[in-house]
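Student:
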Amino acid sequence: MNTLGNFYCFGCILVNVLARIAAHQFDVDNAILYEDPTPVTENSRENYFGYSVALWNEDSKAWIFIGAPRANSSLYEGTTETGTVFRCPIGQKCTEWPIDKHLEKIQQRQNGSWLGGTMIVQNSNPPKLWVCAPRWMDYLAPNKTIVPMYGKCYKASVEDVNKNEPRGKNINLLEPPRDYHRIGNQDYPLHVLGQCGFSLHVTQDESRHKLVSGCPGVWNSHGISIIEEDYYESSFIVLNAVDDLGSNSDQFGYAVTSGIYFDDAEHIDVRGGPRGNKLLGEVRLFQFPSNTGESEAVKSLLNLNGEQIGEHFGATLASCDIDGDSKHDILVGAPHWSKNIEELGRIYIYRQGYGRCYKKIKSCGFKKLEHIAGKISGGRFGAAITCLGDINYDGFADVAVGAPYDGNGAVDIYYGSKNGLDLDNRRRISGPENTKGFGFSISEAVDIDDNGYVDIAIGAYLSGHVMLVRSNSVVNLNVKLSSNLTSNSGLRRNAGFLSLKVCSVYEGVNAPPNIIVTTELKIDDEGQRAIFFDKEIDDLSKTVYTFNTTLNAAQEWCHNYTVKIKKLVERFPDPLKFSVRQNLPKHGSKTGLLKVNGISKDSDNFCKSCAVLNELRPPPEDHLEVAFALECNDTIECLSILSINMTTNWSDGKPYVIGFSEFIELDVTVRNDGQMAFYTKVKISMPSYIELHNSASLIYDEVETVGEIRTVTFIISNFLDQNETESMKVYLNASTLRTDFDMITLNATAVTSSNDTGSGNYIADLSIRYVVQAAIGIAGAAEEALYPYTLSGPAEELPNIRFRHTFGLRNDEITPISLALLSVSIPTHWIASSDKEVEIVRLNEMMGGISKPGEDIDSKILRQDTNEPLSNDATTMSNWLPNEDSSKTKNHFINFNGKVLAASAENRTLYMNCTNPAFKCTTVSFKFGPLELKRTTAALDLVLEMLFSNIKPDIIGIKDIIF
Numbered sequence: 000m001n002t003l004g005n006f007y008c009f010g011c012i013l014v015n016v017l018a019r020i021a022a023h024q025f026d027v028d029n030a031i032l033y034e035d036p037t038p039v040t041e042n043s044r045e046n047y048f049g050y051s052v053a054l055w056n057e058d059s060k061a062w063i064f065i066g067a068p069r070a071n072s073s074l075y076e077g078t079t080e081t082g083t084v085f086r087c088p089i090g091q092k093c094t095e096w097p098i099d100k101h102l103e104k105i106q107q108r109q110n111g112s113w114l115g116g117t118m119i120v121q122n123s124n125p126p127k128l129w130v131c132a133p134r135w136m137d138y139l140a141p142n143k144t145i146v147p148m149y150g151k152c153y154k155a156s157v158e159d160v161n162k163n164e165p166r167g168k169n170i171n172l173l174e175p176p177r178d179y180h181r182i183g184n185q186d187y188p189l190h191v192l193g194q195c196g197f198s199l200h201v202t203q204d205e206s207r208h209k210l211v212s213g214c215p216g217v218w219n220s221h222g223i224s225i226i227e228e229d230y231y232e233s234s235f236i237v238l239n240a241v242d243d244l245g246s247n248s249d250q251f252g253y254a255v256t257s258g259i260y261f262d263d264a265e266h267i268d269v270r271g272g273p274r275g276n277k278l279l280g281e282v283r284l285f286q287f288p289s290n291t292g293e294s295e296a297v298k299s300l301l302n303l304n305g306e307q308i309g310e311h312f313g314a315t316l317a318s319c320d321i322d323g324d325s326k327h328d329i330l331v332g333a334p335h336w337s338k339n340i341e342e343l344g345r346i347y348i349y350r351q352g353y354g355r356c357y358k359k360i361k362s363c364g365f366k367k368l369e370h371i372a373g374k375i376s377g378g379r380f381g382a383a384i385t386c387l388g389d390i391n392y393d394g395f396a397d398v399a400v401g402a403p404y405d406g407n408g409a410v411d412i413y414y415g416s417k418n419g420l421d422l423d424n425r426r427r428i429s430g431p432e433n434t435k436g437f438g439f440s441i442s443e444a445v446d447i448d449d450n451g452y453v454d455i456a457i458g459a460y461l462s463g464h465v466m467l468v469r470s471n472s473v474v475n476l477n478v479k480l481s482s483n484l485t486s487n488s489g490l491r492r493n494a495g496f497l498s499l500k501v502c503s504v505y506e507g508v509n510a511p512p513n514i515i516v517t518t519e520l521k522i523d524d525e526g527q528r529a530i531f532f533d534k535e536i537d538d539l540s541k542t543v544y545t546f547n548t549t550l551n552a553a554q555e556w557c558h559n560y561t562v563k564i565k566k567l568v569e570r571f572p573d574p575l576k577f578s579v580r581q582n583l584p585k586h587g588s589k590t591g592l593l594k595v596n597g598i599s600k601d602s603d604n605f606c607k608s609c610a611v612l613n614e615l616r617p618p619p620e621d622h623l624e625v626a627f628a629l630e631c632n633d634t635i636e637c638l639s640i641l642s643i644n645m646t647t648n649w650s651d652g653k654p655y656v657i658g659f660s661e662f663i664e665l666d667v668t669v670r671n672d673g674q675m676a677f678y679t680k681v682k683i684s685m686p687s688y689i690e691l692h693n694s695a696s697l698i699y700d701e702v703e704t705v706g707e708i709r710t711v712t713f714i715i716s717n718f719l720d721q722n723e724t725e726s727m728k729v730y731l732n733a734s735t736l737r738t739d740f741d742m743i744t745l746n747a748t749a750v751t752s753s754n755d756t757g758s759g760n761y762i763a764d765l766s767i768r769y770v771v772q773a774a775i776g777i778a779g780a781a782e783e784a785l786y787p788y789t790l791s792g793p794a795e796e797l798p799n800i801r802f803r804h805t806f807g808l809r810n811d812e813i814t815p816i817s818l819a820l821l822s823v824s825i826p827t828h829w830i831a832s833s834d835k836e837v838e839i840v841r842l843n844e845m846m847g848g849i850s851k852p853g854e855d856i857d858s859k860i861l862r863q864d865t866n867e868p869l870s871n872d873a874t875t876m877s878n879w880l881p882n883e884d885s886s887k888t889k890n891h892f893i894n895f896n897g898k899v900l901a902a903s904a905e906n907r908t909l910y911m912n913c914t915n916p917a918f919k920c921t922t923v924s925f926k927f928g929p930l931e932l933k934r935t936t937a938a939l940d941l942v943l944e945m946l947f948s949n950i951k952p953d954i955i956g957i958k959d960i961i962f
């Protein structure tokens, strides 16, 4: 097999992935991505390179150990998926490191051992590396009906790790193993399927570092934990699973951890059983017996239970003091937790309950501090949990949580706080492009580059990648901005210059001796009333100055800047506003992709001596406002006497006619009869529907709407001296006047930054009455006054007549008419015998438009506004005639087939109109508008067709028709 691995540093493709944490101490822009060095053939499966990962640094010799539990080891020819371990120098290629090189190994088959399935560094003095093969089977065990799967681990010392020839001590965790346990006449599996080494944890007590391992297959998959009893000889205490309460397939030992959780400072061990408590999952707190004797039972303390069947509660565990109370908190992963969406994943955080707990731990118990759920379906948030320690030295432990199936995979970094994990400042490391399963494994945090800050490695086992993310130091940067003025003095109106002082200092644990800081200094950037006056500044006209400065650790840096105040001060006496902001520039260049077909073409640009700002603190900036001194003849304050007057250009006592002009002009005058009035403003209140006309050149300072009142504030003068008057014009948009009212009331108030005595008339009211003057004229005529016709011949052959009728509308007054509705009733049907409606007139076309004086009508085809015709249909004499026998009835109407027709036998005229009950009318409506100007005209053309083929000749005879 090829023992040389490939790696490349990962930066450019992480820019978008991690834009949120570009300033985070983990420098993802210069991360290193290691690839599986073994090629995958058509007949082999993925090697799971990155299934486990560990960092090592001893005497400045740093390594990354990567487990590939399904790889074929070069140590065993003819075997498949034995598993192996790779050792990778920082920034260099990986090589296979077969830790299990032992004579007895040659005598046994190693198919499917899963060597490298778990590994951990025991950071004691000296450190140890543990690598386990939880599926290792003892083919040489005597008298076995089945080959037992005990599991096996290897321990490597500093000497073993640093040697080019790999070597590790063979450790049997179950020694001696007991395959079965007899109850009555029945043998039950005990250690035969133990799978020891499935999970690993190193205790961190004061006396020594001990190894805890889980064996979830012991006692018919009830599961147990074992602990290293003698650090030097590697003897172990094995729990008596038979006496430990539980059920088959609980799988206790699937995950293990330990810590000091209560006030009595006792070290307590924890193991997770994700199938315990009837598949809800269970986590048990207990203490190991003092020796291997089975007579001494496990000291069970309390249990934590899952909340959802199948969530795999207890599949991952971690212990760290995230709230800074000197006691560990327990973090429990449930990666299969679901809520509507499947397998979001969740972690639970537990801490000691209220009160102080010593001997009565069960009565005190744990409380669930919080839980955090994933957000992506199938992401399995919580599949890996690693306590990172206090990575930013703020006194709280921090945590990394993996969600390996959230896209390419992701790892979330949570900061600890006094209230638990800080959910508002989560930082995400997303899986790089082409990775899969990223975040399934997260190494213990180790400082591999000796800069005083820990680094982590993250595995993506499905694609065969491991990413090394190194950490920069974290500094707290503080900046202060001040002026040469005292706190109780202001800037005199005639002041020409002002001195500003910028001071900055930084501090931090293991901070670099110096840093480069980018400073941005702004001087009244909004008001533009000041400019720089320093020779070192290249452009004195600008109000923003950006420069770099080198600061030394724990040494305050200060610099003075001279600012020139403009003579023509606007917005006086608003204070001059200054600000300073600092940041750390991006250091160096991004590593980018270092691998092309396995060959590196660039160097590692990670800067281990560079720093980043503490992102949990507010950004380093300061603001300063320098107020002007409001002085009058050496007195502390000015006493002004303001009066105001407001009139309108609409006079003669008549109401304003809407449409007379586009705007209403207001004349506002303010007079000061007292001492200097600084920054004098006029506040005009008006109905909220009134708007200012856009032709006004006056710029308002502020607009505030409260309820139905809008208040507009104008600056009328910065300096209004004694006996001085200032005027301004305000234009109201006349088109915004509402026609359902006939008057608006305005209120004007004069205000100043000086101390006004209030003895003047500083408030003025004005009411403006207005009216609507609108009138519509309408006229209509046919295109031809007379149309001849004949009724000779068969009715179906009689010719039809087409004629045009035009209506005109006109606005004869001033007020614009926004919309006019024209309704036209047309006799379209004759009421024949048996109440049958016969169509006699058809509306073929409608054209209409609007024209202004001197313009042609812009005609367009119209559609009638009403879908249903409005008709007048009178078919009985009693509906129209009070007395059928009267002489008036006989002279003017005839009765034909029971119908009353408005055509007497003596009259040659037949009236086809909507007052004749023999005809049914259709009403069509059209909308026109706006008719804005006086004498604006709208026209409507109707093209009609008289259907003589439907008219009875014996009814019409030789009569004339008036339509």
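Okay, so the sequence shown: first residue is 0 according to numbering that gives the first Met the number 0, each after it adds one.
Backbone N, C-alpha and C fix where the C-beta goes; we use that ideal spot for every residue, glycine too.
1. Are the Cβ atoms of Thr604 and Asn29 separated by less than 9 angstroms?
2. With the cut-off set at 9 angstroms, would you say Thr542 and Asp523 are in Cβ contact?
3. Taking a contact to mean a Cβ-Cβ separation below 9 angstroms, would you say Asn339 touches Asn475 in this structure?
4. To the nearest angstrom, how far is the alpha carbon of Gln250 from that of Val331?
5. Quick one, which of Val501, Leu32, Asp159, Asn247 has its alpha-carbon nearest Tyr187's?
6. Between the C-alpha atoms of Ile170 and Ala552, what's the straight-line distance to the nearest angstrom?
7. Could you check how far apart the C-beta atoms of Lys682 and Leu818 are, in whole angstroms? I think they sit under 8 angstroms.
8. Between Leu575 and Ser482, what straight-line distance do the alpha-carbon atoms span, to the nearest angstrom?
9. Return the CA-CA distance between Thr27 and Leu300, expressed in angstroms with no decimal places.
10. Buried or exposed, going by whether 16 or more other CB atoms sit within 10 Å of the CB of Met685?
11. When you compare the CB positions of Val729 and Ile657, do they come within less than 9 angstroms of one another, or not?
12. Can you look up Thr517 in the DSSP assignment and give me helix, strand or coil?
13. Can you name, in chain order, every residue of its own chain whose Cβ lies under 8 angstroms from the Cβ of Asn799, other than the five neighbours on each side?
14. Counting only runs that start and end within the stretch 161 to 239, where is the beta strand (DSSP E) found for 3 or more residues in a row?
15. Let me see if you follow: with CB-CB separation under 9 angstroms, is Glu80 close to chain B or not?
16. Ala529 by DSSP, collapsed to three states: which one?
17. Hey, could you find the ends of the beta strand (DSSP E) Asp322 is sitting in?
18. What are the partner residues of Gly489, as DSSP defines its beta bridges?
19. Measure the alpha-carbon distance for Val942 versus Glu838 and round it to whole angstroms.
20. Use the C-beta contact count for Lys898: other C-beta atoms within 10 angstroms, 16 or more gives buried, fewer gives exposed.
21. Measure the C-alpha to C-alpha separation of Phe395 and Phe677 and round it to an integer number of angstroms.
22. Decide if the stretch 615 to 629 is in contact with the stretch 431 to 441; the criterion is three or more beta carbon pairs, one per stretch, under 8 angstroms apart.
23. So what does Thr646 bridge to, in DSSP terms?
24. Could you check if Gly66 is buried or exposed, using at least 16 other CB atoms within 10 Å of its CB as the buried criterion?
25. Just the Cα atoms here: how many angstroms apart are Ile950 and Arg801?
26. Along the beta strand (DSSP E) that carries Leu719, what are the first and last residues, could you check?
27. Among Val508, Val711, Thr827, Ile762, which residue has its Cα nearest to the Cα of Met645?
28. DSSP three-state call for Asp700: helix, strand or coil?
29. Please name the residue in Tyr253, Gln554, Gly406 whose C-alpha comes closest to that of Lys374.
30. Which residue comes first and which comes last in the beta strand (DSSP E) that contains Thr827?
31. So the candidates are Ala937, Tyr460, Glu519, Cys386; which of them puts its Cα closest to the Cα of Val453?
32. According to DSSP, is Asn157 helix, strand or coil?
33. Taking the alpha carbon of Lys565 as the point to measure from, which residue in Val611, Trp556, Ser503, Leu497 has its own alpha carbon closest?
34. Assuming Ala444 and Gly381 are in contact, meaning their beta carbons sit under 8 angstroms apart, how far apart are those beta carbons, in whole angstroms?
35. Exposed or buried, which one is Val702 when buried takes at least 16 other CB atoms within 10 Å?
36. Should the stretch 138 to 149 be regarded as contacting the stretch 39 to 57, the criterion being three or more beta carbon pairs within less than 8 angstroms?
Tutor: Taking the geometry as given:
1. The residue labelled residue 604 in the question sits at position 605 within the sequence shown. The residue labelled residue 29 in the question sits at position 30 within the sequence shown. Note on identity: in this sequence residue 604 is Asn, with Thr being the wrong assignment. Cβ distance < 9 angstroms, so Asn604 and Asn29 count as in contact.
2. On the sequence shown, residue 542 is found 543 positions in, with the first residue counted as 1. On the sequence shown, residue 523 is found 524 positions in, with the first residue counted as 1. Contact: yes.
3. Here residue 339 refers to the residue found at position 340 of the sequence shown. Here residue 475 refers to the residue found at position 476 of the sequence shown. No, these two residues do not count as a Cβ contact at 9 angstroms.
4. Here residue 250 is taken as the residue at index 251 of the sequence shown, counted from 1. Here residue 331 is taken as the residue at index 332 of the sequence shown, counted from 1. Roughly 15 angstroms separates the two Cα atoms.
5. Translated into the one-based positions of the sequence shown, residue 187 becomes position 188. The shortest C-alpha separation from Tyr187 is found at Asn247.
6. Numbered from 1 along the sequence shown, position 171 holds the residue referred to as residue 170. Numbered from 1 along the sequence shown, position 553 holds the residue referred to as residue 552. Whole-angstrom Cα-Cα distance: 49 angstroms.
7. The count along the sequence shown starts at 1 and reaches residue 682 at position 683. The count along the sequence shown starts at 1 and reaches residue 818 at position 819. Going by Cβ atoms, the distance from Lys682 to Leu818 rounds to 37 angstroms, so no, they are not a contact pair.
8. Numbered from 1 along the sequence shown, position 576 holds the residue referred to as residue 575. Numbered from 1 along the sequence shown, position 483 holds the residue referred to as residue 482. Looking at the two C-alpha atoms, the distance is approximately 11 angstroms.
9. The sequence position of residue 27 within the sequence shown is 28, counting from 1. The sequence position of residue 300 within the sequence shown is 301, counting from 1. One point to set straight first is that residue 27 is Val, not Thr, in the sequence displayed. Between Val27 and Leu300, the C-alpha separation is close to 42 angstroms.
10. As a first step, residue 685 must be located in the sequence shown, where it is residue number 686. So Met685 counts as buried.
11. Working through the sequence shown from its first residue, we reach residue 729 at position 730. Working through the sequence shown from its first residue, we reach residue 657 at position 658. Taking 9 angstroms as the Cβ cut-off, Val729 and Ile657 do not qualify as a contacting pair.
12. Counting from one through the sequence shown, the residue named residue 517 turns up at place 518. It is a strand residue.
13. For this step, residue 799 is matched to residue 800 along the sequence shown. Glu944, Met945, Leu946, Phe947, Ser948.
14. 168 to 170, 179 to 182, 185 to 188, 198 to 201, 210 to 214, 223 to 229, 234 to 237
15. No chain B appears in this structure, which consists of one protein chain only.
16. For the purposes of this step, residue 529 is taken as the residue at position 530 of the sequence shown. Ala529: strand per DSSP, three-state reduction.
17. Counting from one through the sequence shown, the residue named residue 322 turns up at place 323. Where Asp322 is concerned, there is no enclosing beta strand (DSSP E), given that its DSSP letter is neither H nor E.
18. Residue numbering aside, residue 489 sits at position 490 when the sequence shown is read from its first letter. Paired residue(s): none; Gly489 is not in a bridge.
19. Locating residue 942 in the sequence shown gives position 943, where the first residue counts as 1. Locating residue 838 in the sequence shown gives position 839, where the first residue counts as 1. Between Val942 and Glu838, the C-alpha separation is close to 16 angstroms.
20. Within the sequence shown, the letter at position 899 stands for residue 898. With a pLDDT of 49 at Lys898, under the threshold of 50, the predicted position of this residue should be treated as unreliable, though the coordinate-derived value follows. Classification for Lys898: buried.
21. As a working mapping, residue 395 is identified with position 396 in the sequence shown. As a working mapping, residue 677 is identified with position 678 in the sequence shown. Going by the C-alpha atoms only, they are around 54 angstroms apart.
22. no
23. In the sequence shown, counting from the first residue as 1, residue 646 sits at position 647. Paired residues: Asp666.
24. As a first step, residue 66 is located in the sequence shown; it is residue number 67 there, counting from the start. Answer is buried; the Cβ neighbour count reaches 16.
25. One-based indexing of the sequence shown puts residue 950 at position 951. One-based indexing of the sequence shown puts residue 801 at position 802. Approximately 15 angstroms, taken between the alpha carbons.
26. Within the sequence shown, numbered from 1, the residue matching residue 719 stands at position 720. Residues 708 to 719.
27. One-based indexing of the sequence shown puts residue 645 at position 646. Ranking Val508, Val711, Thr827, Ile762 by Cα distance to Met645 puts Ile762 first.
28. On the sequence shown, position 701 is the one that residue 700 refers to. Residue state, collapsed to three classes: strand.
29. The residue labelled residue 374 in the question sits at position 375 within the sequence shown. Nearest option by C-alpha distance: Gly406.
30. In the sequence shown, the residue the question calls residue 827 occupies position 828. Segment 819 to 830, the beta strand (DSSP E) holding Thr827.
31. Sequence index remark: in the sequence shown, residue 453 carries index 454 (1-based). If we check each option's Cα against that of Val453, Cys386 comes out closest.
32. Numbered from 1 along the sequence shown, position 158 holds the residue referred to as residue 157. One detail in the question is off: residue 157 reads as Val in this sequence, not Asn. Of the three classes helix, strand and coil, the one that applies to Val157 here is helix, per DSSP.
33. Stepping through the sequence shown from its first residue, residue 565 is reached at position 566. Minimum Cα distance to Lys565 is reached at Leu497.
34. Mapped onto the sequence shown, residue 444 falls at position 445. Mapped onto the sequence shown, residue 381 falls at position 382. At roughly 18 angstroms, the Cβ-Cβ gap does not stay under 8 angstroms, so Ala444 and Gly381 are not in contact.
35. As a working mapping, residue 702 is identified with position 703 in the sequence shown. Exposed, since its Cβ has fewer than 16 Cβ neighbours within 10 Å.
36. no
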